[in-house]
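Structure first, commentary second.
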Amino acid sequence: MKERNSIAVLPFINRSNDIENEYFCDGITEEIINALTKIKQLKVIARTSSFAFKGKKIDIRKIGEQLGVNTILEGSIKKSQEIVRITAQLIDANDGSHYWSKKFDRELINIFDLEDEISIAIADEIRNNFGHFEVQDHLIKQPTNSIDAYQLFLKGRFNQLQWTPDALKKAINFYNEAISLDVNYAKAYYGNVQCYELLTTWGYMSKEEGTEKVFLNLMNAKEIDTHLPEYPMCYVNKCFWREWDFKSTYHYIKDVLAINPNYIDALDVMVKLFMAHGHFNEAIFYGKKLLEIDPLSANNQYIFANIYYYKGDFDITLHHITKAIHLRPDFDLAYHKKAVCLIALNKREQLENEFQFNPLWEKIQLLNEAVNENRNSLPKEVLSNFLSNHLKRDQLTLFELFILANTNYTNEAFELLKQFVSQKRGQILNYKQEPLLKPLRAFNDFYNLHVSNFSIDEIVDNQKTIETTKPLLLEEEQKELQNKLAAYFKEEKPYLDASLSLSTISEKLEISTNKVSFLINEVIGMNFNNYVNSYRLNHFKTIALDPKNSHLTILGLAYDSGFNSKSVFNTYFKKVEGNTPSQWVKYNKN
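Under the working numbering, residue 650 is the last one in the sequence shown; the count climbs by one each step, no gaps.
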């Protein structure tokens, strides 16, 4: 279902001769996405899902359907030395019509002002067409005084989002170069924190070195700017993954979401936090929000599948796992989850058809035999290898533990589990809900291996919080301003100006654009464009029937009435009158 106020920003096309400028286009696109997410009443599709359409020629209406949005922004960027040209256009995803476009030519030094200007213009046009929401005066804060540092940061971000060890190391180099040009560039330090965290977690950097690098970059960033969502997010990762301090994790997540309610990384951990404690309704609530703003993320489909896996709903799990694999065919964790689902559902034939050539097939086969074919023992060399499993840190899925737990080696499995819990391994975070560890729940100390400090009784969740906000305009103000607006349109005919905007009216009436939007949308009950076009249409009908204008074309009369587009005029006219302008004129002149 599409929300009225919703948008997806497609990757801006690189129109420069230099293919290296791809990072710049991607960076500007992401900056505009991040800026628009600051508008609370506007649904903005996250980067991963928007970038799924990069380089693909797909009907805009199909994209809108897949992403559940009414509006698509597409555009292009041409950068030549110190000059940048950005062309942007808004498209109605319901019918594919273009209802706004603009070219922006600026010096590169003014890029942050330009990003802010474009973001504000986009927000204004969306509410002009679809309905009221409040827009801040500024959506982008200048992060650095050095354009060269900014371009290096964008190169770092471009590489970081490849999510491979080599790309993360390249990202760190670019972030460090950016910092060398501007030692107060907070976002570059936070970028380093994220990269070092991942390299350490994945085992591509020693824990000691990685922890030191994370600490140094975080301390530098903290001294500069703690108002970015990246700041509390650093503590979310530290408390959740390293310390299993779940109470602190929850409060830091709330801090992130207070800054940006749609911050993907924070919503991701919120799902995992509730899931690890068996609070599945809450996990589903946040999981749905993840999928709403980022539906084409393989990771989000995988996370949502996990909720149902730990609930024991394996058919639903398979549905979302299949989606994850379709979106990302190299997603090893998704394949592993599919294998254990097929084992749980005892689908031996499908399991063999799909996994017999998988590198982990031997272990998958052993697990299936243990769960479904009453296998109780293992060869000595296999058992010995499994029992030393706690010394390895590179397994994505702990098949060895699962096999031991479902054979006659439950004592050994429990001892191995204790090792993993003491190491606070991310792979074992959900051990209390894990279906394949059900035999170990019989041990007296199973639930005491880690006692969480997080209690759902202590919190008030977002879905249970009812916000009460004061209306923008009191009832007395509404009547006064409505009369003032009607008088302005009647006496000065501002609608004849094709460039009329909310800001123009705002200046004339001496009230904020947010209040003008609220007045027209919520009080009068029309969106801004329909309100203005209703006056233009009435003016057209008057002058079209005037004999002294008989020598003018219908399109000329439309332009004289304030319409600036033939398609907009014809579409609006037919929507209101039920026939074409020429049919209407012919009928009413007779």
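For each residue, glycine too, the CB sits at the ideal point set by N, CA and C.
Buried or exposed for residue i, going by 16 or more other Cβ atoms inside 10 Å?
i, result
"Asp606", "exposed"
"Thr573", "buried"
"Leu496", "buried"
"Asn508", "exposed"
"Phe417", "exposed"
"Ala502", "exposed"
"Ile367", "buried"
"Gly156", "exposed"
"Pro389", "exposed"
"Asp152", "buried"
"Ser140", "exposed"
"Pro355", "buried"
"Lys349", "buried"
"Trp643", "According to the sequence displayed, residue 643 carries Gln and not Trp. Exposed."
"Glu409", "exposed"
Output needed for residue i: all residues of its chain with C-beta closer than 8 Å, excluding positions within five of it in sequence on either side, in chain order.
i, result
"Leu259", "Pro225, Leu228, Lys229, Met265 and Gly270"
"Asp176", "Ala95, His198, Leu199 and Ile200"
"Leu533", "Leu541, Lys575, Phe578, Leu579 and Val583"
"Thr640", "Asn630, Phe633 and Lys634"
"Asp521", "Residue confidence is low: Asp521 scores 49 on pLDDT, short of 50, so the model does not pin down where it sits. Its coordinate-derived value is still stated next. Taken in chain order, the residues that qualify are Glu342 and Phe345."
"Glu185", "Leu150, Tyr159 and Trp160"
"Asn581", "Arg187, Gly191, His192, Asn587 and Phe588"
Excluding five sequence neighbours on each side, which residues of the same chain lie with their C-beta closer than 6 Å to the C-beta of residue i?
i, result
"Thr457", "His396"
"Pro292", "Tyr312, Asp315 and Val316"
"Tyr249", "Asn277, Asn280 and Ala281"
"Arg145", "Lys138 and Asp165"
"Tyr555", "Val592, Tyr595, Arg596 and Gly622"
"Lys371", "Phe340"
"Glu290", "Tyr250"
"Lys98", "Leu199"
"Ile381", "Ala365, Ala394, Lys397 and Lys398"
"Lys300", "Residue 300 is actually Phe in this sequence, not Lys. The answer, listed in chain order, is Thr309 and Val329."
Do residue j and residue i come within 8 Å of each other at the CB atom, strictly closer than that value?
i, j, result
"Ile603", "Leu615", "no"
"Glu167", "Lys103", "no"
"Ser110", "Ile93", "yes"
"Tyr256", "Val274", "yes"
"Leu241", "Tyr83", "no"
"Asn130", "Asn154", "yes"
"Glu472", "Lys423", "no"
"Asn53", "Ile232", "This structure does not reach residue 53, given that the chain is present from 61 up to 650, and the question cannot be answered."
"Phe234", "Asn219", "yes"
"Leu402", "Leu393", "no"
"Phe446", "His337", "no"
"Ile353", "Ala106", "yes"
Please return the same chain residues whose Cβ sits closer than 7 Å to the Cβ of residue i, not counting the five positions on each side in sequence.
i, result
"Phe549", "Tyr555 and Tyr595"
"Ser179", "Ile92, Ala95, Leu96, Leu199 and Ile200"
"Ala238", "Ala209, Leu212, Phe213, Gly216, Tyr245 and Ala248"
"Leu351", "Asn360 and Phe364"
"Phe600", "Leu617, Ala618 and Ser621"
Original post:
Any contact of the stretch 592-601 with the stretch 610-627, i.e. 3+ C-beta pairs under 8 Å?
Top reply: Of all C-beta pairs linking the stretch 592-601 to the stretch 610-627, three or more are shorter than 8 Å, placing the two stretches in contact.
Original post:
Counting only runs that start and end within the stretch 153-180, where is the beta strand (DSSP E) found for 3 or more residues in a row?
Top reply: Segments of the beta strand (DSSP E) lying fully in the stretch 153-180: 158-167.
Original post:
If we count Cβ pairs, one from each stretch, closer than 8 Å, do we get three or more for the stretch 465-483 versus the stretch 431-438?
Top reply: Cβ pair count under 8 Å is three or more, so yes.
Original post:
Counting pairs of Cβ atoms below 8 Å between the stretch 125-137 and the stretch 73-82, do you hit three or more?
Top reply: Yes, the stretch 125-137 is in contact with the stretch 73-82.
Subject >> the stretch 301-312 in contact with the stretch 342-360 per 3-pair CB rule at 8 Å >> reply: The stretch 301-312 vs the stretch 342-360: no contact.
Original post:
Counting pairs of beta carbons, one from the stretch 355-373 and one from the stretch 315-335, are three or more of them closer than 8 Å?
Top reply: Between the stretch 355-373 and the stretch 315-335, the count of Cβ pairs shorter than 8 Å is three or higher; the stretches touch.
Original post:
At what residue ranges does the stretch 262-288 contain a whole run of the alpha helix (DSSP H), taking only runs of 4 or more?
Top reply: If we require 4 residues or more, the alpha helix (DSSP H) runs fully inside the stretch 262-288 come out as 267-284.
Original post:
At what residue ranges does the stretch 62-105 contain a whole run of the alpha helix (DSSP H), taking only runs of 4 or more?
Top reply: Counting whole runs of 4 or more residues, the stretch 62-105 contains the alpha helix (DSSP H) stretches 82-96.
**OP:** For the stretch 577-648, list the alpha helix (DSSP H) runs that are entirely contained and at least 4 residues long, ordered along the chain.
**Re:** If we require 4 residues or more, the alpha helix (DSSP H) runs fully inside the stretch 577-648 come out as 588-604, 614-620 and 626-637.
**OP:** Only counting runs of 4 or more residues, tell me where the alpha helix (DSSP H) segments fall wholly within the stretch 351-391, in order along the chain.
**Re:** Taking only runs of at least 4 residues, the alpha helix (DSSP H) segments lying wholly in the stretch 351-391 are 358-371 and 374-387.
Subject >> Every unbroken alpha helix (DSSP H) inside the stretch 393-447 [4 residues or more] >> reply: As far as the stretch 393-447 is concerned, its whole alpha helix (DSSP H) runs of at least 4 residues are 408-415, 421-432 and 440-447.
**OP:** Return the chain-ordered ranges of every alpha helix (DSSP H) run that is complete within the stretch 196-241 and spans a minimum of 4 residues.
**Re:** Within the stretch 196-241, the runs of alpha helix (DSSP H) that reach at least 4 residues and sit entirely inside it are, in chain order, 207-220 and 225-241.
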